[in-house]
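Trainee:
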Amino acid sequence: MPLALLALAIGAFGIGTTEFVIMGLLPEVASDYGVSIPTAGYLVTGYALGVMFGAPLMTVLGTRVPRKRMLMLLMGLFIVGNLLSAFAPAFSVMLIGRIVASLAHGAFFGIGSVVAAGLVAPDKKAGAIAMMFTGLTVANVVGVPLGTLIGQSVGWRVTFVVVAALGVVGLAGIAKLVPDVPRAEGVRLRHEMAAFKNAQVLLAMAMTVLGFGGVFAAITYIAPMMTHVAGFADGSVTWLLVLFGLGMVGGNFVGGRFADRALMPMLYIALGALSVVLALFTLTAHDKIASAVTVFLIGALGFATVPPLQKRVLDHAHGAPTLASAVNIGAFNLGNALSAWLGGVVIGAGFGYTAPNWVGAVLAASALLLAVLSAALERRESAPGAIVAGSVPAERRSVVAHH
487 MPLALLALAI GAFGIGTTEF VIMGLLPEVA SDYGVSIPTA GYLVTGYALG VMFGAPLMTV
547 LGTRVPRKRM LMLLMGLFIV GNLLSAFAPA FSVMLIGRIV ASLAHGAFFG IGSVVAAGLV
607 APDKKAGAIA MMFTGLTVAN VVGVPLGTLI GQSVGWRVTF VVVAALGVVG LAGIAKLVPD
667 VPRAEGVRLR HEMAAFKNAQ VLLAMAMTVL GFGGVFAAIT YIAPMMTHVA GFADGSVTWL
727 LVLFGLGMVG GNFVGGRFAD RALMPMLYIA LGALSVVLAL FTLTAHDKIA SAVTVFLIGA
787 LGFATVPPLQ KRVLDHAHGA PTLASAVNIG AFNLGNALSA WLGGVVIGAG FGYTAPNWVG
847 AVLAASALLL AVLSAALERR ESAPGAIVAG SVPAERRSVV AHH
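Quick note on my numbering: the sequence shown kicks off at 487 and runs consecutively.
What follows is the structure in structure tokens.
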């Protein structure tokens, strides 16, 4: 794997830390600003919505900028947003800071996925994408637990200062290691938008929204769930997030390895198992050992879907993948926002801190149904004599190769 993938992983590490660390600090932030935990959950929802809208916006703005320079600019925006969150005098200002930081997220992973895939042979694309996302998963093993520990020990504001410093390291890594990738010539916004006419691209994005939304329905409220229901001490949230992160690392590795061999079977297994585990979490959350194992499995099964879904979008958006890739990152965060909001609704309605797990199970099961539908449509389109609107021979060969 090219060394440039390490630089992309460093940037992903910083972004992953700021995205997930807030979940371990929701009680501290809520207490500091005098708001409820469901209200503090808007910091998750707001970030996710910022990614969703920022992904296409920043990608379109970056179409006239060389990809390396755009990645550096995005890391700069990320640093500013985290510093604003760190020194926010009011909850509303912190929410703005979260949104500013989130604007860099989708475009970074979207452009980074295209750059990563372009650095390796065609049969290693999912592995290269997974390598970049390793930074995001390792953030949950190292960055998020450490950030949570810092936040609980010396204050959550210090955590966001440290996260901003991670952004500086990521910016330096990109400047040093990522090659100067020239701006794609002849690719215009209209060309990029054409990818969204492909039903398989839209189905893959819908799977992304629902599948990863299932993960966030449970994990957004992991701190109150584990302390109020399972009976863990506040300090235990740190190592529970380590377990979640270790699951993500393992799932990302497995997903990247098998997405280049059997993409759809990988999705069937991961989404089906995820829906079952989330449903069981309503029961296992009442036991310390069982809940810890479940948290690990949610991370593993959730992130096993990331490389195959990202690769599926790149395959079907053949010829103009940058915007579609970034929008799919936004789709992950649309799922995050939807599930964080729904989780807050069921908690606020009095169903308890385990109720978001049922929301997650339903979302993951819905993603599995869409995967089955997508495969059925693909088989029909690839049948002899079938005419596929908007397809090209290279795309057809790529699609059929997955089977």
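All C-beta atoms in this analysis are idealised placements derived from N, C-alpha and C, irrespective of residue type, glycine included.
Remember, it's a predicted structure, so these values are computed and weren't measured experimentally.
Jot down the residue ranges of each uninterrupted beta strand (DSSP E) in the segment 556 to 592, minimum 3 residues, whole runs only, in chain order.
Mentor: Entirely contained in the segment 556 to 592, not one beta strand (DSSP E) run reaches 3 residues.
Trainee: Does DSSP classify residue 518 as helix, strand or coil?
Mentor: Of the three classes helix, strand and coil, the one that applies to residue 518 here is helix, per DSSP.
Trainee: Decide if the segment 778 to 795 is in contact with the segment 491 to 506; the criterion is three or more beta carbon pairs, one per stretch, under 8 Å apart.
Mentor: Touching, no.
Trainee: Quick check: what's the CA-CA separation for residue 888 versus residue 813?
Mentor: Reliability of the predicted coordinates at residue 888 is poor, the pLDDT of 40 falling under 50, and no value is obtained from them.
Trainee: Once you ignore the five residues that flank residue 720 on each side, which residues in its own chain have a CB closer than 7 Å to its CB?
Mentor: Contacts found: 638, 713.
Trainee: Do residue 548 and residue 561 come within 7 Å of each other at the CB atom, strictly closer than that value?
Mentor: No, the Cβ-Cβ distance between residue 561 and residue 548 is not below 7 Å.
Trainee: Beta carbon of residue 483, beta carbon of residue 614: below 7 Å?
Mentor: What the structure shows of the chain is the stretch from 487 to 889, and residue 483 is not part of that stretch, so it cannot be assessed.
Trainee: Mapping DSSP to helix, strand and coil, what is residue 727?
Mentor: Residue state, collapsed to three classes: helix.
Trainee: Helix, strand or coil for residue 761? Go by DSSP, reduced to three states.
Mentor: If DSSP states are grouped into helix, strand and coil, residue 761 belongs with the helices.
Trainee: Quick check: the Cα distance between residue 733 and residue 703, rounded to an integer number of angstroms?
Mentor: Those two C-alpha atoms are separated by around 17 Å.
Trainee: Kindly indicate the opening and closing residues of the alpha helix (DSSP H) around residue 868.
Mentor: Run containing residue 868: none; DSSP gives neither H nor E here.
Trainee: What are the boundary residues of the alpha helix (DSSP H) that includes residue 612?
Mentor: Run containing residue 612: 611 to 624, per the alpha helix (DSSP H) assignment.
Trainee: In this structure, how does DSSP classify residue 720 when only helix, strand and coil are distinguished?
Mentor: Residue 720 falls in the coil class under three-state DSSP.
Trainee: One question on the structure: do residue 659 and residue 496 come within less than 7 Å of each other, judged by their Cβ atoms?
Mentor: Closer than 7 Å, so yes.
Trainee: Going straight from the alpha carbon of residue 824 to that of residue 747, what length do you get?
Mentor: When rounded, the distance between both Cα atoms is 31 Å.
Trainee: Could you give the C-beta distance for residue 626 and residue 731, rounded to a whole number, given that I count them as a contact under 8 Å?
Mentor: Confirmed, Cβ separation roughly 3 Å.
Trainee: Under 7 Å Cβ to Cβ from residue 581, same chain only, skipping five residues before and after it: list those, please.
Mentor: Answer for residue 581: 528, 529, 532, listed in chain order.
Trainee: Buried or exposed for residue 705, please, with buried defined as at least 16 other CB atoms from any protein chain shown within 10 angstroms of its CB.
Mentor: Result: buried.
Trainee: Helix, strand or coil for residue 738? Go by DSSP, reduced to three states.
Mentor: Looking at residue 738 - three-state DSSP - the assignment turns out to be helix.
Trainee: Starting from residue 528 and walking both ways along the alpha helix (DSSP H), at which residues does that stretch end?
Mentor: Looking at the DSSP string, the run of the alpha helix (DSSP H) that includes residue 528 is 528 to 547.
Trainee: Ignore the nearest five residues each way along the sequence and tell me which others in residue 851's own chain have a CB closer than 7 Å to its CB.
Mentor: 761.
Trainee: Using 8 Å as the Cβ pair cut-off and three pairs as the minimum, do the segment 565 to 579 and the segment 638 to 656 touch?
Mentor: Verdict: yes, contact present.
Trainee: For residue 819, which three-state DSSP category applies?
Mentor: Looking at residue 819 - three-state DSSP - the assignment turns out to be helix.
Trainee: Is residue 495 helix, strand or coil by DSSP?
Mentor: Reduced to three states, the DSSP call for residue 495 is helix.
Trainee: Measure the beta-carbon distance from residue 541 to residue 592 and round it to whole angstroms, keeping in mind my assumption that it falls under 8 Å.
Mentor: Their Cβ separation, rounded to whole angstroms, is 3 Å, which keeps residue 541 and residue 592 in contact under 8 Å.
Trainee: Which stretch, first to last residue, makes up the alpha helix (DSSP H) that contains residue 802?
Mentor: Looking at the DSSP string, the run of the alpha helix (DSSP H) that includes residue 802 is 792 to 802.
Trainee: Using only CA atoms, which one of 601, 628, 539 lies nearest to residue 590?
Mentor: Taking only the C-alpha atoms, the option nearest residue 590 is 539.
Trainee: Distance check for residue 570 and residue 883, CA to CA, integer angstroms please.
Mentor: Summary for residue 883: the model assigns pLDDT 41, below 50, so the residue's position carries little reliability; its value from the coordinates is reported in the next sentence. Computed Cα separation, rounded: 48 Å.
Trainee: Give me the Cα-Cα distance between residue 776 and residue 864, rounded to the nearest whole angstrom.
Mentor: Between residue 776 and residue 864, the C-alpha separation is close to 39 Å.
Trainee: Can you give the Cα-Cα distance for residue 508 and residue 634, rounded to whole angstroms?
Mentor: Whole-angstrom Cα-Cα distance: 8 Å.
Trainee: Here's a check: name, in chain order, each residue in its chain whose Cβ is nearer than 6 Å to the Cβ of residue 506, leaving out the five neighbours to either side.
Mentor: For residue 506, where only same-chain residues beyond five positions count, the Cβ hits under 6 Å are 626, 630.
Trainee: Tell whether a beta-carbon distance below 7 Å holds between residue 650 and residue 491.
Mentor: Not a contact, by the Cβ cut-off of 7 Å.
Trainee: Quick one, are the C-beta atoms of residue 821 and residue 698 less than 7 Å apart?
Mentor: Their beta carbons are under 7 Å apart, which means residue 821 touches residue 698 by this criterion.
Trainee: Can you tell me where the alpha helix (DSSP H) holding residue 747 begins and where it ends?
Mentor: It is not in any alpha helix (DSSP H) - residue 747 carries neither H nor E in the DSSP assignment.
Trainee: State buried or exposed for residue 793, treating a residue as buried only when at least 16 other CB atoms are found within 10 Å of its CB.
Mentor: So residue 793 counts as buried.
Trainee: Starting from the Cα of residue 839, find the closest Cα among 771, 817, 797 and give me that residue.
Mentor: With distances taken between Cα atoms, residue 839 lies closest to 771.
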